[in-house]
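So for the sequence shown, my numbering puts the first residue at 197; every next one is plus one. Report on the following structure.
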Amino acid sequence: MAVTIKSYTTAQLEEFIHSEAFKHLPDYPISKQRAISHINNPRADKDDVILYLAMLDNKIVGYRLLLVENIIYKGTTEKVAWYSCVWVDPNQRGLGIAKKMVDAALKDWELKIVFQGPVKASKQLYTKDGFFKQVDLAGIRMYARFDFKTIIKNKQPGWKMALPLVGAADKLLNLFGDVLLNLRTPTFKSESKVLYVNEIDEELNAFILKHQQNSPFKRAKEELNWIMKYPWVLSAPTNDALGKNYYFSSLSTDFRLFMVKLMDNEKQVKGFMSLQIREKQLSVYQTYLEDEKIAEAAQLIYQFVKTYKLNTISVFQPQLVNYFNKHTTPFLYKKPLTRTYFYSHKLAHYFEEEQLIFQAGDGDMVFT
197 MAVTIKSYTT
207 AQLEEFIHSE
217 AFKHLPDYPI
227 SKQRAISHIN
237 NPRADKDDVI
247 LYLAMLDNKI
257 VGYRLLLVEN
267 IIYKGTTEKV
277 AWYSCVWVDP
287 NQRGLGIAKK
297 MVDAALKDWE
307 LKIVFQGPVK
317 ASKQLYTKDG
327 FFKQVDLAGI
337 RMYARFDFKT
347 IIKNKQPGWK
357 MALPLVGAAD
367 KLLNLFGDVL
377 LNLRTPTFKS
387 ESKVLYVNEI
397 DEELNAFILK
407 HQQNSPFKRA
417 KEELNWIMKY
427 PWVLSAPTND
437 ALGKNYYFSS
447 LSTDFRLFMV
457 KLMDNEKQVK
467 GFMSLQIREK
477 QLSVYQTYLE
487 DEKIAEAAQL
497 IYQFVKTYKL
507 NTISVFQPQL
517 VNYFNKHTTP
527 FLYKKPLTRT
537 YFYSHKLAHY
547 FEEEQLIFQA
557 GDGDMVFT
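This is the structure:
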C-alpha cells in the first residue's frame, strides 16, 4: 500500500487527543499538553491545519507538527506556519515520507512557511531546490561550569561506557570551578529595579511593542501570556508513561521560564527579558533593552548562572552579544554561535526588502 497523508485542523486535533483511538496509539504524534498549547494559540483559528500524519497500513509512520504564526508589518497581518517537530519511522526510510508531509504543508499553507534550521540529516530536503532561503542569527555561547559529559554524550555516542568517569571528573573540576565563579561574579545590586512577572500587563506590553519595529512576528502580551500558561515541557523527576511512545520533549528534570521587567529609579520600564532554564542550560529569548539597562541585564544573567549552577548560556540578543564580546565575563570560555532560519521565497520580501530580523524567541524554541 502507498503512504497516505492525513491532516488535522486545530479543532480536529482537540477531538483527536480526547478520543479512544488516541489513547491506544503505539506512538503518539503529539503530547496532550503540547496539543492543548496549540489549541489555545491566540494566533490559530479552528480551521488551520497544524498536524500531518503519514499512514501506512493504518499505522502512523511519520508526523509533522506546525505552529501557527503571524507576520505583522506596516499595519498588515499575514498568517504563516512554523515547521515544528517531524518524525519518520526509521523502518520506513526511503519512502519519501518526510517530503510528502512537506509538500502537503506547503500546499495547505500556500507556501507561507518558516522554520529554524533542521538537523543535518534532513537539511537537504529543504535546501536542495532553492525553495527556502536562509538567514543566520549571530549569537554567543558561554560556558560557566565543566560539562564534558554532555559534550561527549552529544558528539561521541560511541563513548557511552566512559560517561560515568567523565561525569565524576566534571564534579571534581566544578568543586574548584564554582569557588572561582562565585568569587568572580559581582553582587547584583539592582533588586529594587527588577520585577519577575508571570503575566504581561499593559505598561510592559506598551514597552515591548515600542521595541519591535524590526521583528516579523511581534509577540507581545497575548502571545507571551499564552507561552507562560501553556508550556510544552513539564518539570518532573522521572520519565512517565508517555516517554516510550513519544519521540519529543514532554518532561524535563528542570524546565523553567522567566519573564523579567527592568525599571529605573522612578519605576518606569526600561527593559524586558524572557529566559529559559533547562537542565543546567540558560537561553535568553525575547529581550528588549534601553541602552542604560544592557550592563544590568548582563549582571542579572550572571546571577542566574551563579544561583542555579548553570553550565552554559546561549544569547542572540544583539545588544547583549556585543556586551559579552567586549567585556570580561566570570565564565570559563565563550565562543560565537549561529542559529539558522529558513523562509519560503513567497515571504522573501519581508526579510530582504523590508529587512525584518528573526529573534531567538521566535518559533517553538522557547517551548522546548
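We put the CB at the ideal spot given by N, CA and C, even for glycine.
Cβ separation of residue i and residue j, assumed to be a contact under 8 Å, to the nearest whole Å
i	j	result
Leu-261	Gly-373	Going by Cβ atoms, the distance from Leu-261 to Gly-373 rounds to 39 Å, so no, they are not a contact pair.
Phe-538	Gly-313	7 Å
Glu-265	Arg-239	6 Å
Thr-206	Ile-235	6 Å
Ile-201	Lys-296	6 Å
Ala-277	Lys-308	7 Å
Met-424	Asn-461	About 28 Å separates the two Cβ atoms, so there is no contact after all.
Thr-536	Gln-330	6 Å
Glu-486	Tyr-269	Rounded, the Cβ-Cβ distance is 24 Å, inconsistent with contact.
Arg-415	Gln-482	6 Å
Residue from the options with nearest C-alpha to residue i
i	options	result
Thr-383	Arg-239, Gln-515, Leu-552, Ile-497	Ile-497
Pro-222	Gly-271, Asn-441, Ser-445, Ile-309	Asn-441
Thr-503	Glu-488, Gln-513, Gly-326, Lys-476	Lys-476
Ala-300	Pro-314, Lys-389, Tyr-279	Tyr-279
Glu-170	Met-469, Ser-479, Tyr-481	Look at the range of the chain in this structure, 197 to 564, and you will see that residue 170 is not part of it.
Val-362	Val-501, Gly-354, Thr-346, Leu-376	Thr-346
Gln-499	Ser-386, Phe-512, Met-561, Gln-513	Ser-386
Val-375	Ile-201, Phe-328, Arg-341, Lys-202	Arg-341
Ala-556	Asp-366, Lys-296, Arg-239, Pro-514	Pro-514
Glu-398	Gln-464, Leu-291, Met-297	Gln-464
Phe-328	His-541, Asp-560, Ile-553	His-541
Ala-544	Gly-354, Ala-358, Val-310	Val-310
Asp-343	Pro-353, Gly-326, Asp-366, Lys-351	Asp-366
Leu-472	Glu-486, Asp-487, Val-501	Correcting the residue identity first, residue 472 is Gln in this sequence and not Leu. The residue with the shortest Cα to Cα distance from Gln-472 is Val-501.
Tyr-322	Val-298, Lys-417, Met-338, Ala-217	Val-298
Lys-466	Ile-213, Glu-488, Asn-350	Glu-488
Tyr-339	Ile-267, Thr-536, Lys-505, Ile-268	Lys-505
Asp-560	Leu-209, Thr-508, Asn-237	Asn-237
Tyr-426	Arg-452, Asn-435, Thr-434, Tyr-443	Arg-452
Tyr-259	Asp-285, Thr-273, Asp-241	Asp-285
Asp-174	Asn-435, Leu-420, Glu-216, Pro-433	As shown, the chain starts at 197 and ends at 564. That puts residue 174 outside it, with no answer to give.
Asn-254	Ala-217, Asp-241, Gly-290	Ala-217
Asn-370	Glu-211, Lys-351, Asn-507, Thr-434	Asn-507
For residue i, the residue or residues it bridges with in DSSP
i	result
Thr-434	The partner list for Thr-434 (beta bridge, DSSP) is empty, contrary to what the question assumes.
Thr-534	Ala-334
Tyr-539	Val-310, Lys-329
Ser-203	Tyr-248
Leu-262	Tyr-279
Lys-502	Lys-502 is not bridged to any residue.
Lys-457	Leu-391, Phe-468
Glu-274	Ile-267
Thr-508	Tyr-339, Gln-477
Tyr-529	Tyr-339
Phe-451	Arg-474
Ile-256	Met-251
Tyr-484	Phe-468
Val-284	Gly-258
Beta carbon of residue i nearer than 9 Å to that of residue j
i	j	result
Tyr-484	Ile-404	yes
Glu-335	Thr-534	According to the sequence shown, residue 335 is Gly rather than Glu. Yes. Within cutoff.
Val-282	Val-199	no
Leu-263	Pro-225	no
Phe-563	Ser-227	no
Arg-380	Pro-532	no
Ser-479	Asp-450	no
Leu-252	Gln-288	yes
Phe-512	Leu-377	no
Glu-447	Val-429	Note that residue 447 is Leu in the sequence shown here, rather than Glu. Taking 9 Å as the Cβ cut-off, Leu-447 and Val-429 qualify as a contacting pair.
Asp-244	Lys-275	yes
Ile-490	Leu-516	yes
Ile-213	Arg-337	no
Residue i beta carbon near the ligand HEM (any heavy atom closer than 8 Å)
i	result
Tyr-546	The ligand content of the structure shown is nil, which means the ligand HEM is not present either.
Given 8 Å, three or more beta-carbon pairs between the region 450-458 and the region 409-416: Taking 8 Å as the limit for Cβ pairs, the verdict is that the region 409-416 does not touch the region 450-458.
Three or more C-beta pairs below 8 Å linking the region 517-528 and the region 294-314: Touching, no.
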